[in-house]
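As you go down the protein sequences, you meet chains A and B in turn. The opening position of the first sequence corresponds to residue 1 in full-length UniProt numbering, with each subsequent residue numbered one higher. The opening position of the second sequence corresponds to residue 1 in full-length UniProt numbering, with each subsequent residue numbered one higher. Beta carbons are placed, not taken as given, at the ideal position from N, Cα and C, and that holds for glycine. Notes for the one structure printed next.
Number of protein chains: 2
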Amino acid sequence: MADVKTQVSFGILGCAEIARKVCRAINLSPNSILHAISSRSIEKAKQFVVKNSLPESVKVYGSYEEVLDDPFVDAVYVPLPTSLHLKWAVLAAEKKKHVLLEKPTALNVGELDRILDACESNGVQFMDGSMWYHHPRTAKMKEFVSDTKLFGQVKTIYSSSSFFPPQEFFENNIRTKADLDGFGALGDAGWYCIGAILWAMNYKLPTTVTALPATTHNSNGVIMSTTAALHWEQEGTTATFYCSFLSHETMDVSVLGSKGSFHVEDLIIPYEESSASFSFTSGAAFVDLHIGWNMKEQEVQVQNELPQEALMIKEFSRLVKGIKDFKIRPDKMWGDISRTSQVVLDAVKSSVDSGKMVYI
Amino acid sequence: MADVKTQVSFGILGCAEIARKVCRAINLSPNSILHAISSRSIEKAKQFVVKNSLPESVKVYGSYEEVLDDPFVDAVYVPLPTSLHLKWAVLAAEKKKHVLLEKPTALNVGELDRILDACESNGVQFMDGSMWYHHPRTAKMKEFVSDTKLFGQVKTIYSSSSFFPPQEFFENNIRTKADLDGFGALGDAGWYCIGAILWAMNYKLPTTVTALPATTHNSNGVIMSTTAALHWEQEGTTATFYCSFLSHETMDVSVLGSKGSFHVEDLIIPYEESSASFSFTSGAAFVDLHIGWNMKEQEVQVQNELPQEALMIKEFSRLVKGIKDFKIRPDKMWGDISRTSQVVLDAVKSSVDSGKMVYI
C-alpha cells in the first residue's frame, strides 16, 4: 500500500506580509504543513524564517522556480503582486501544484481564465485567498439571507472596505504601483466589497456597473478610492460600495431584504479570532403612532474552532487531499466565485476609466 | 402690561395619521398647546378628537380656512399631501400663522421658495416636520463628526430608509398617488436619507446627483423604490442612499471619515422613546498579522427628556415665542435646511426621469 501523506505540503511564493498570516494558518490547520518558502532574495527568505519562528524543517528557496520544482510541495500559496499572478499561477499548475492565489486574482478576467484553464487541464485545485468565505459566520448569514420567510428577497446591498495606511504605504506598497497592482484600492479593499455583494446575490452577475465620478487616483494613476453602483435588472436589486485607502478602517456589509435585513461591521477580519457576530432584524415595524419599534436588532454570535484563515487552508487542503488520495476532480466552485468578482472588478475599472455605465 | 400667553397655540390642517403623533407631541411640549384641529369633513375631524382623546377645549373645524381665521391660533402644523403645501402654507403665512410643514416640503424648490418667501415677508417661523434633527442624539453625533481629531473629514455616507407597508397602502395611501405626493418613496423615505446625508455634510449641496437605473414606479408613475448617488467634487466625498416602500424597515445612516466612522440604525424613529444610541470607532486598526482589531465599535447612549417630536415642537414654539413676545426675527436656518433637501430631492427626481447625472 502506497504511503499516503496525511497532510498537504505547502510552498509559498514570495514573502509578502500577508504570507506571515497564512504561514500561521497552515500550521494551525490540521491537514496542512508548511514545507517551503521562497523569495527572489534568499536573504529575505531567511529573514522571513526568523521573523516567523519557522521550524528548521521548512525549506528556504531563493527563487520561486525551486518551490515549483520541489516534489514534496503539493500546493502553493501565491501572494505575489497581481501583475505576476498569470505567470506564476500557470507555471504552478503546469507543475501540478494546487494553487491558492491571493486576490485580486488577475489583471483582468482574460488572465484569470488562463489561470483557471491551466488549473483545470492540470487537474489541480484553485482557490483565491479571500478568508471570510470560510468563517462559519458567513454560512450562518447565508442561512438567514436564504430564508425567504425571514429575509424575503434581497433588495439592496451596501458595503465599504477601507483603511488609512501610514505614509510609507503610499510610497512603497505594491498596491500603489501601476505596474504591480494596477487596481489599487479597488483590487484590494474593493475585491471584498464586490465579493460580499456577489455572495449575497448567489454570485449572479449584475446587469450594469457604474463607478461614480469620484475616484481618487495617486500620481501613478492607481485608484486610491472609489464608489460604484451595481444593478440587477431582473431582480430590481441595487448595490453600492465604497473602497478606499483614504478612510478609516471599515469592512461593513448591510443587506436589506423585503422582510429582513442584516449587517456586519468586521466582515473581512473579525474583531476577534474565536467568534464573530452579525446583527439582524426580521419583521420589524413601528409601534402605534410610529413611536418606537416592535423590536431591536438581534446579534447572532458564531464561534469558530479555528481562525478563518486556517479554515480556508483546511478547506483548500481537504479538496487537495480528495484529489490526491481519492482522485476526486477539483472543485470548480471556488474558481467560479473568483471569476464573478474579477468580472465585476474589471467592469468597475472600465467604468472608472470611461466615466460611463458598463453593461456586463 | 399686555397679557403674554405662555404657550404657543397650534392648529392642525388635516387629520393625517402623522397628526396623531404630533398632537401628542404638542401636548407633551411644555411651551405648546393644541388649540384646533380641522378636516375638510367635520365628521372626520370629530372622529379624530375621539380617537386621540383630545380635550373638549380643542376646537374642531370642518375646513382649513377656519383654523387660519382663528385669532387664537399662533401656529399651524400642515400634514396635508405635498401637492397642497404651496397653497396652504402660503395662506397660513399670510394669515400670520407660523408654519410647521410636513415633508417633503413642496413639489419642487420653486414652490418651496414661494412658501419661504411668504413666511419671511409675513415674519413667521418656518420649519419642516423632520423630527430626528431635534433628538439630542443628533447633536451628539454631530459633535463626533465635527471633531477633526477623532473623525477627520467625511469621506462617504450611506443611508437607507425603507418599509414594506400592507397592501392597502399601495391602493389608498396619498404617497402612492401622482397628484398628491408625486415623489412617492423618494419624497417620504428618501427625504430622510437626503436630510441625513446633507446634515453630515453641513448642508453643503453636492456637485452631482445620479439616480441608478433601478427605480421602481407603481402604475401611477410614482416612485416606489430608488437608489441614488451624490458627489461633492471639491471634497471628493460620495454618498449613496436607498429609499423604498418595497423593503424591510430600515433607517440606517453610516458616515465614514478619514479617522473615524459611525452608524445608527434607527435615525428617524428611535427604537425607544427616552433614549437612543449610535455606534462609533476612531483610530481602529488591525493588530499584528492582521488578526483581530485594536478595538470594537463603541455604543454611545443618549437620554432625551422628551420624545424627539415633542422636542421639535418645543424648539419651534421657542422660536415662535421669541418672535411673538420679544420681536426676534424668525430663524431662517430651518428653512435653509429644508431647502437643501428639496434641491437634492428635485435633482434625484430629475435624474430618475432623465436617466442622466444632474449637476446642481
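Cβ-Cβ distances below 6 angstroms link B/Y242 to S160 and T227 in the same chain, with the five nearest sequence neighbours on each side left out; the list follows chain order. Look at B/Y203 here: in three-state DSSP terms it is coil, with no helix or strand label. Fewer than three beta-carbon pairs drawn from the region 325-345 of chain B and the region 294-311 of chain A are found closer than 8 angstroms, and the two stretches are therefore not classed as touching.
Beta-bridge analysis with DSSP links A/G257 to A/V154.
Secondary structure remark: continuous beta strand (DSSP E) runs of at least 3 residues inside the region 121-200 of chain A, in chain order: 126-128 and 154-162. In the three-state reduction of the DSSP assignment, A/I37 falls in the strand class, which pools E and B. Nearest CB-CB separation between B/S261 and chain A: below the 7 angstroms threshold.
Taking a contact as a CB-CB distance under 8 angstroms, the pair B/L311 and B/H135 counts as one, their CB atoms being some 7 angstroms apart.
Per DSSP, B/E305 lies in no beta strand (DSSP E) segment and is marked neither H nor E. Short of 6 angstroms from the beta carbon of B/Y158, and not among the five residues preceding or following it, lie these beta carbons of its own chain, in chain order: T240 and S254. Setting aside the 5 residues that flank it on each side, B/Q298 is surrounded in the same chain by S279, F280 and T281, each with a C-beta closer than 8 angstroms to its C-beta; the list follows chain order.
Within the same chain, and ignoring the five residues on either side of B/D346 in sequence, the residues whose Cβ sits closer than 6 angstroms to its Cβ are N108 and V109.
Going by DSSP, B/V60 is part of the beta strand (DSSP E) stretching over K59 to Y61. Straight-line spacing of the CA atoms in A/E235 and A/K204 works out to 11 angstroms.
When only Cα atoms are considered, B/A276 and B/T340 end up about 26 angstroms apart. Taking one beta carbon from each stretch, the region 115-126 of chain A and the region 83-94 of chain A have 3 or more pairs nearer than 8 angstroms; the two touch. A distance of 7 angstroms or more separates the beta carbons of A/A75 and A/K103.
Boundaries of the alpha helix (DSSP H) harbouring B/C23: E17 to L28, taken from the DSSP string.
Interface annotation, B/W293: in contact with chain A, CB-CB separation under 7 angstroms. For the C-beta of A/R20, the chain B residues within less than 7 angstroms are, from N- to C-terminus, L289. Taking all protein chains in view, the Cβ of A/F169 is surrounded by fewer than 16 other Cβ atoms within 10 Å, so the residue is classified as exposed. Contacts between A/E273 and chain B, judged by CB atoms closer than 9 angstroms, involve I291 and G292 in chain order. At least one beta carbon of chain B lies nearer than 7 angstroms to the beta carbon of A/L256.
Judged by DSSP in its simplified three-state form, A/F245 adopts coil rather than helix or strand.
Here B/K21 is near A/H290, since their CB atoms are less than 7 angstroms apart. Membership of B/V78 in the beta strand (DSSP E) is indicated by the continuous run A75 to V78. By the rule that beta-carbons nearer than 7 angstroms mark a contact, A/K349 does not touch chain B.
Take the alpha-carbon of A/S162 and the one of B/L319: they are about 43 angstroms apart. Contact annotation for A/L68 against chain B: no contact, minimum CB-CB distance about 26 angstroms [criterion: below 8 angstroms].
Taking B/S317 as the centre and dropping the five residues before and after it, the same chain places the C-beta of Q7, V8, S29, N31, S32 and A75 closer than 8 angstroms to its C-beta, in chain order.
In terms of beta-carbon proximity, A/K296 lines the interface with chain B, with at least one pair separated by less than 7 angstroms.
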